[in-house]
Structure formats: structure tokens, C-alpha cells
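Numbering (our numbering), first residue to last: 1 to 334. Here the structure comes first, spelled out in C-alpha cells, and everything after it is commentary.
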């Protein structure tokens with residue numbers, strides 16, 4: 001339990017909560033009672049019915065979804081959860097020196113212009129600079145779905161947090177497990193990682209670097225997400241839909257029997273073709289080789305290509321058969 005330093009109301013908190021939002025007056029505050037002013041939200045533009053309609057419309061268009069899903073599915077659970085995110089604007093500059101890989105080409109094939117018999121690779125020194133402004137969002141709670149953690153947040157539409165607005169939809173506002181200082185440190189590290197990825201696009205080895213990372217404006221923003229569950233047949237499927245934009249963050253959905261049967265059939269056909277190519281390449285089907293020679297007018301050489309092609313087709317066939325036979329729920333994210 002915690003007590004609001006501004007309205008004296010008592011409210012529930014969880015382990016690890018360090019920045020609290022009073023469910024009565026909506027004030028964001030530290031556990032010591034210090035008010036946090038830079039607290040925003042994204043307003044709800046999709047109510048429960050809108051979110052459900054959007055979800056079923058999206059799911060019905062997915063590969064393998066049953067045709068009667070929009071009319072047969074029954075929603076059994078819905079809750080609007082307000083997830084806290086820390087947003088930081090970070091200016092980053094990296095000067096680097098490193099070694100890049102280059103190559104020289106020798107002895108061009110006469111029959112294939114642009115193809116060479118010998119390619120020599122070597123290292124060469126390279127240097128440069130990357131200057132970027134990053135907007136980095138850090139989830140304020142540890143127990144959060146990876147898809148929800150990574151979904152786009154329209155921060156330009158932010159406005160000051162209103163607990164009354166969340167109450168209109170019986171929303172559950174989560175406290176943050178992270179302080180502002182923790183968020184800034186995490187944003188700094190994320191900016192460093194992004195700069196590193198940029199540098200490694202230019203060089204293979206980084207020999208020296210100088211980074212200037214400036215973490216600027218940092219604020220807490222609560223983002224509303226509809227956590228939905230619907231029943232189709234005897235199974236229940238879960239989904240997350242942005243209440244601000246209608247964006248389908250993720251959804252589980254059933255696959256139709258026709259889709260599964262088609263997957264098994266195509267997979268079996270590809271497996272048979274792949275096995276045949278492998279057998280031909282290994283010289284096990286001489287009758288087929290003789291037939292191909294009569295049709296083509298020359299003896300096909302399938303040893304290397306046949307093994308590779310046959311192996312790939314066989315693997316793809318097995319995967320398709322597994323997908324068709326599997327009763328696991330499909331899960332897609334936009």
C-alpha cells in the first residue's frame with residue numbers, strides 16, 4: 001500500500017514500483033512523495049467495440065484464418081491497460097576509426113562477364129562520423145509483452161495525463177518500475193548501441209571511437225492498450241490492440257482446416273520432388289536419368305545441384321507439413 005502525498009488517498013502498489021500514479025487524483029509521484037511533472041498520455045480514440053471490430057477485420061484477412069471467424073468469434077475478456085513508457089530525445093555523435101574489408105578481382109570469365117576466377121580480400125583503414133538524434137522509448141514495467149514493448153508510440157499526440165480519461169474506460173494504470181535517472185541511463189546505453197550498429201555498417205572492426213551522447217528531454221507517457229481475448233470453437237485466443245491508433249499489436253488466431261490440409265498436401269508434394277532429386281543426384285534412379293537424357297538430348301549432370309535443390313525442397317516440404325499438421329495457435333504481429 002502507498003499513500004498519496006497530495007490527496008492522502010491510499011492505493012495498491014506492487015513490488016518494484018518506484019514512480020506511482022495516484023488512482024484518485026492522478027498525480028505522478030516518487031515513493032518519497034515528490035511530484036513528477038513531465039507526465040503525459042496518449043488519448044483513447046478506439047473504444048472497446050472499435051478495437052474488437054478492428055481486430056476481427058484484421059485477423060479475418062490473415063493467411064489461413066477461417067472465413068466465418070468475424071461472425072463466429074465471441075469476445076470473453078477485455079481490459080484497457082495503460083502501460084508506462086519513458087521517452088528520451090538523445091543527440092549522439094560518434095567519431096570512429098576502424099578496418100573495413102575490400103577486394104580486388106582478377107581473371108574475368110570470358111563466358112560470364114562480371115564473374116572472376118580469383119577474388120582477393122584485404123583490410124583497409126577507414127574513419128568517419130555519425131551524428132544522429134534518437135527518440136528512445138524504454139518500457140517502465142518489466143513484465144510486458146515484447147510486441148507491446150516495441151509497438152510504435154505517436155509521441156507527437158501526447159497531452160498531460162488525465163486519470164479521469166483512463167477511468168472513462170475502466171483502464172488499469174500501471175506504475176513505473178523505473179526512475180527517471182534509470183530511464184536516462186537506459187536511453188544512453190540504447191543510443192550507444194544504435195551508434196555502434198551504424199559504425200559496423202561501415203567497418204568490420206572498430207579500433208577506436210569517441211562518443212558524445214547527450215540525453216535531453218525525458219518524460220513519462222502512459223499508452224492505452226486493449227488486451228482482448230475471444231473464443232472460436234473450443235479455444236481461446238489473445239490479442240493486443242492500441243487504443244490510441246487501432247494498431248493491431250499482436251494477435252493469436254485459428255487456422256482453417258482447408259489451409260492446414262493444403263499445407264500438408266503441398267508439403268508432401270515438395271518432399272517427394274526433393275527426395276526424387278536427391279535420388280537422381282546420387283544415381284539411384286537411372287530410369288529417370290535415361291528419360292531426361294532422351295527428352296533433353298544430353299545427359300543432365302545433377303550431382304551438386306540436385307543434392308542442394310532436393311535438400312532445400314525436402315526441408316521446405318517438411319516445414320509445410322509440420323505447419324499444416326500443427327495445432328498450435330498462429331500468432332502474428334504487424
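We treat Cβ as the ideally placed atom computed from N, Cα and C, and that holds for glycine. All figures in this text were calculated on a predicted structure; none of them were measured in a lab.
Compare the C-alpha of residue i against each of the options and name the closest.
i, options, result
"residue 155", "251, 1, 223", "223"
"residue 9", "19, 16, 27, 230", "27"
"residue 158", "141, 87, 103", "87"
"residue 173", "50, 97, 39", "39"
"residue 234", "212, 109, 142, 76", "76"
"residue 231", "6, 56, 36, 30", "56"
"residue 64", "80, 254, 41", "254"
"residue 74", "81, 238, 121, 119", "238"
"residue 48", "246, 312, 270", "246"
"residue 124", "97, 312, 109", "97"
"residue 71", "148, 34, 53", "53"
"residue 24", "161, 188, 108", "161"
"residue 186", "201, 213, 202", "213"
"residue 69", "270, 236, 210, 121", "236"
"residue 82", "35, 148, 34, 104", "148"
"residue 51", "37, 67, 79, 62", "79"
"residue 35", "142, 5, 61", "5"
"residue 189", "211, 168, 201", "211"
"residue 217", "142, 105, 37, 32", "37"
"residue 202", "120, 143, 126", "126"
"residue 33", "3, 312, 248", "3"
"residue 150", "168, 43, 248", "248"
"residue 168", "312, 43, 109", "43"
Let me know if residue i comes out buried or exposed under the rule of 16 or more other beta-carbons within 10 Å of its beta-carbon.
i, result
"residue 94", "buried"
"residue 241", "buried"
"residue 272", "exposed"
"residue 152", "exposed"
"residue 45", "exposed"
"residue 59", "buried"
"residue 163", "buried"
"residue 315", "exposed"
"residue 228", "buried"
"residue 128", "exposed"
"residue 41", "buried"
"residue 170", "exposed"
"residue 226", "buried"
"residue 103", "exposed"
"residue 243", "buried"
"residue 270", "buried"
"residue 146", "exposed"
"residue 29", "buried"
"residue 7", "exposed"
"residue 119", "exposed"
"residue 328", "Low local confidence applies: a pLDDT of 41 at residue 328 is under 50, so the model's placement there is unreliable, with the coordinate-based value given in what follows. The residue in question, residue 328, is exposed, as its Cβ has fewer than 16 Cβ neighbours within 10 Å."
Let me check one thing: in DSSP terms, what residues is residue i bridge-paired to?
i, result
"residue 99", "125, 205"
"residue 77", "229"
"residue 86", "138, 220"
"residue 182", "None; residue 182 has no bridge partner."
"residue 105", "119"
"residue 172", "81"
"residue 41", "159, 222"
"residue 316", "According to DSSP, residue 316 bridges with nothing at all."
"residue 241", "226, 248"
"residue 214", "91"
"residue 19", "30, 176"
"residue 130", "94"
"residue 10", "3"
"residue 61", "The partner list for residue 61 (beta bridge, DSSP) is empty, contrary to what the question assumes."
Could you round the C-beta distance between residue i and residue j to whole angstroms and report it? I think they count as a contact, below 8 angstroms.
i, j, result
"residue 99", "residue 204", "6 angstroms"
"residue 166", "residue 85", "About 15 angstroms; that fails the 8 angstroms criterion."
"residue 176", "residue 220", "6 angstroms"
"residue 206", "residue 215", "Between residue 215 and residue 206 the Cβ distance is about 22 angstroms, and since that is not below 8 angstroms, they are no contact."
"residue 18", "residue 31", "6 angstroms"
"residue 130", "residue 101", "Between residue 101 and residue 130 the Cβ distance is about 19 angstroms, and since that is not below 8 angstroms, they are no contact."
Pair every Cβ in the segment 88-102 with every Cβ in the segment 121-136, then say whether three or more of these pairs are closer than 8 angstroms. yes
Are three or more beta carbon pairs between the segment 192-209 and the segment 14-22 nearer than 8 angstroms? no
Using a Cβ distance threshold of 8 angstroms, determine whether the segment 104-120 contacts the segment 180-190, with at least three qualifying pairs required. no
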